[in-house]
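Participant: Got a structure for you, written out below as structure tokens; questions coming shortly.
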Amino acid sequence: MTRTSPFRASAAITDDWRHFDFRVDDGVGTVTFTRPEKYNPLTFDSYADLRDLLHELPYRDDVRVLVIRGEGKAFCAGGDVNEIIGELIEMDAKDLMAFTKMTGDVIRAMRECPIPIISGIQGIAAGAGSVIALASDFRVVAESGKFAFLFSKVGLSGGDMGAAYLLPRVVGAGRATELLMLGDTINSTTADRYGLVSKLVPTPDLDAEVAALARRLADGPTLAYQQTKTLITRELDMPIGSAMELDAMTQALLMTTHDHSEFHASFNAKRPPQWTGR
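For the sequence shown, counting from 1, position 165 maps to 181 in the working numbering; every step adds exactly one.
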């Protein structure tokens, strides 16, 4: 049974996620989108489940890194054209606002969840799929990978789900303008050149490369990783003085941890450190 934070009360951790596959193996949680026949599109329910899972992860003690992947030939083709777009056309403004806020909540939860997130991308990452990849901390991309921020091609703003906030910070304002305004598909080589790729790998090696990175993160100083991610997210909009103050307070706190003491002990004993994330 999954142990939870001592500060979580009546609400139980969800064990049954029905709209994607979720498994945990030795500290690595893996979300797999499982509609390969349609290139793993998202539905109202899979958006909501992903949002809720991301909110739960900080309260679990069995997940130290999260991997997001797609089954089959694609990562995620974005929102299902018929199951989402077809229904959105019939909704009133109140329900439309609830939907767009929910999709944004997924991306915000990805950035605010302290656990490192890896997307393993083969084939197409389009629309919402491209933004989920963008919001990840690491994007391991197969040579078959492609990105398409195609919102403008369906008559909507390219700045969907936080894309206009995040993408300029990853690839620069010029490239972001090109990708979000034109909505064209770019291949893995171009995405790598733009700075959108953390690691470009041969397609047959994708799963092994993702697993190796996940293992490294899960076995490392996880508290340090979590605080680093939090600082990267929080300091995006801070003046330098506030950022330096937050850095100093965080570093002073981490200097009191077991992992920091363990580094010193292992250095003097000439052995690898045994990280505990505490």
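Yeah, the Cβ is synthetic: ideal placement off N, Cα and C, and Gly gets one too.
Note that this is a predicted model, so its numbers are computed, not measured.
Exposed or buried, what is Arg232 when buried is set at 16 or more other beta-carbons lying within 10 Å of its beta-carbon?
Facilitator: In the sequence shown, residue 232 corresponds to position 216, counting from 1. Counting Cβ neighbours within 10 Å, Arg232 comes out exposed, since fewer than 16 surround it.
Participant: With H, G and I counted as helix, E and B as strand and the rest as coil, what does DSSP make of Ile202?
Facilitator: Position 186 of the sequence shown, counting from 1, holds the residue named residue 202. If DSSP states are grouped into helix, strand and coil, Ile202 belongs with the strands.
Participant: Using the Cβ count rule (16 or more neighbours within 10 Å means buried), how would you classify Ile105?
Facilitator: Position 89 of the sequence shown holds residue 105. Looking at its Cβ environment, which holds fewer than 16 other Cβ atoms inside 10 Å, Ile105 is exposed.
Participant: With a CB to CB cut of under 7 Å and the five nearest residues on each side skipped, what residues in its chain are close to Met197?
Facilitator: As a first step, residue 197 is located in the sequence shown; it is residue number 181 there, counting from the start. Here the set comprises Ser168, Gly174.
Participant: In the structure shown, what three-state DSSP assignment does Ile123 receive?
Facilitator: Residue numbering aside, residue 123 sits at position 107 when the sequence shown is read from its first letter. DSSP, read as helix, strand or coil, puts Ile123 in helix.
Participant: Drop a sphere of 10 angstroms on the beta-carbon of Gly211, count the other beta-carbons inside from all chains shown, and report buried for 16 or more, exposed for fewer.
Facilitator: Counting from one through the sequence shown, the residue named residue 211 turns up at place 195. When all chains shown are included, Gly211 counts as exposed.
Participant: Here's the rule: buried if 16 or more other CB atoms are within 10 angstroms of the residue's CB, otherwise exposed. What is Ala224?
Facilitator: Here residue 224 refers to the residue found at position 208 when the sequence shown is read from its first residue. By the neighbour-count rule (16 or more Cβ atoms within 10 Å), Ala224 is not buried but exposed.
Participant: List the DSSP bridge partners of Cys92.
Facilitator: By 1-based counting over the sequence shown, the position of residue 92 is 76. The partner list for Cys92 (beta bridge, DSSP) reads Ala141.
Participant: Evaluate Gly188 with the Cβ neighbour count: other Cβ atoms within 10 Å of its Cβ, from every protein chain shown; 16 or more gives buried, anything less gives exposed.
Facilitator: As a first step, residue 188 is located in the sequence shown; it is residue number 172 there, counting from the start. With fewer than 16 other Cβ atoms inside 10 Å of its own Cβ, Gly188 counts as exposed.
Participant: Could you please give me the residues that DSSP links to Val81 through a beta bridge?
Facilitator: In the sequence shown, counting from the first residue as 1, residue 81 sits at position 65. Partner(s): Val44.
Participant: Considering just the uninterrupted stretch of the alpha helix (DSSP H) at Lys245, what are its terminal residues?
Facilitator: In the sequence shown, counting from the first residue as 1, residue 245 sits at position 229. Bounds of the alpha helix (DSSP H) holding Lys245 are 238-250.
Participant: Write down the C-beta distance between Trp214 and Arg155 rounded to the nearest angstrom, noting that I regard them as a contact closer than 8 Å.
Facilitator: Sequence index remark: in the sequence shown, residue 214 carries index 198 (1-based). Sequence index remark: in the sequence shown, residue 155 carries index 139 (1-based). The amino acid occupying residue 214 in the given sequence is Ser; Trp does not appear at that position. Confirmed, about 5 Å.
Participant: Select from His35, Pro255, Ile101 the residue whose C-alpha is nearest the C-alpha of Gly171.
Facilitator: In the sequence shown, residue 171 corresponds to position 155, counting from 1. Answer by Cα proximity: Ile101.
Participant: Assuming contact is defined by CB atoms lying nearer than 8 Å, are Met118 and Arg67 in contact in what I supplied?
Facilitator: Here the question's residue 118 lines up with position 102 in the sequence shown. Here the question's residue 67 lines up with position 51 in the sequence shown. Yes, the Cβ-Cβ distance between Met118 and Arg67 is below 8 Å.
Participant: Residue range of the beta strand (DSSP E) that Ala158 falls in?
Facilitator: Your numbering for residue 158 matches position 142 in the sequence shown. It spans 154-158 - the beta strand (DSSP E) in which Ala158 sits, taken as one unbroken run.
Participant: Report the three-state DSSP secondary structure of Arg307 (helix, strand or coil).
Facilitator: The displayed coordinates of the chain run from 17 to 294. Any statement about residue 307 would go beyond what the structure contains.
Participant: State the Cα-Cα distance for the pair Ala93 and Asp77, rounded to the nearest angstrom.
Facilitator: Here residue 93 refers to the residue found at position 77 of the sequence shown. Here residue 77 refers to the residue found at position 61 of the sequence shown. So the alpha carbons of these two residues sit roughly 31 Å apart.
Participant: Out of curiosity, what's the CA-to-CA distance linking Gly88 and Gln242?
Facilitator: Numbered from 1 along the sequence shown, position 72 holds the residue referred to as residue 88. Numbered from 1 along the sequence shown, position 226 holds the residue referred to as residue 242. Distance between the alpha carbons of Gly88 and Gln242 is about 31 Å.
Participant: Taking the alpha-carbon of Ile84 as reference, which of Pro237, Leu239, Ala227 has the nearest alpha-carbon?
Facilitator: Translated into the one-based positions of the sequence shown, residue 84 becomes position 68. Nearest C-alpha to Ile84: Ala227.
Participant: How big is the Cα-Cα spacing for Asp153 and Pro184?
Facilitator: For the purposes of this step, residue 153 is taken as residue 137 along the sequence shown, with counting starting at 1. For the purposes of this step, residue 184 is taken as residue 168 along the sequence shown, with counting starting at 1. Between Asp153 and Pro184, the C-alpha separation is close to 15 Å.
Participant: Determine the direct distance from the alpha carbon of Thr273 to that of Thr238, and round the result to whole angstroms.
Facilitator: Working through the sequence shown from its first residue, we reach residue 238 at position 222. Working through the sequence shown from its first residue, we reach residue 273 at position 257. Taking the straight line from one Cα to the other gives about 12 Å.
Participant: Measuring straight from C-alpha to C-alpha, what distance separates Leu216 and Phe279?
Facilitator: Counting from 1 along the sequence shown, the entry for residue 216 is found at position 200. Counting from 1 along the sequence shown, the entry for residue 279 is found at position 263. For Leu216 and Phe279, the distance between alpha carbons rounds to 31 Å.
Participant: To the nearest angstrom, report how far apart Arg191 and Arg287 are at their CA atoms.
Facilitator: Residue mapping note: residue 191 aligns to position 175 of the sequence shown, counting from 1. Residue mapping note: residue 287 aligns to position 271 of the sequence shown, counting from 1. Computed Cα separation, rounded: 45 Å.
Participant: Between the region 108-115 and the region 129-136, can you find at least three pairs of beta-carbon atoms closer than 8 Å?
Facilitator: no
Participant: Grab me the residues of Leu182's own chain with a C-beta within less than 7 Å of its C-beta, minus the 5 sequence neighbours each way, in chain order.
Facilitator: Counted from its first residue, the sequence shown places residue 182 at position 166. Here the set comprises Leu150, Ala151.
Participant: Using the C-alpha atoms, what's the distance from Glu99 back to Phe60?
Facilitator: As a working note, residue 60 is residue 44 in the sequence shown. As a working note, residue 99 is residue 83 in the sequence shown. Going from the Cα of Phe60 to the Cα of Glu99 covers about 8 Å.
Participant: Mind checking which residues open and close the alpha helix (DSSP H) that includes Ala264?
Facilitator: The sequence position of residue 264 within the sequence shown is 248, counting from 1. Element bounds for Ala264: 256-270.
Participant: Val97: buried (16+ other C-beta within 10 angstroms of its C-beta) or exposed?
Facilitator: What you label residue 97 is simply residue 81 of the sequence shown in a count that begins at 1. Per the 10 Å Cβ criterion, exposed.
Participant: What are the boundary residues of the beta strand (DSSP E) that includes Val97?
Facilitator: Taking the sequence shown and counting its residues from 1, one reaches residue 97 at position 81. From DSSP, Val97 is part of no beta strand (DSSP E); its letter is neither H nor E.
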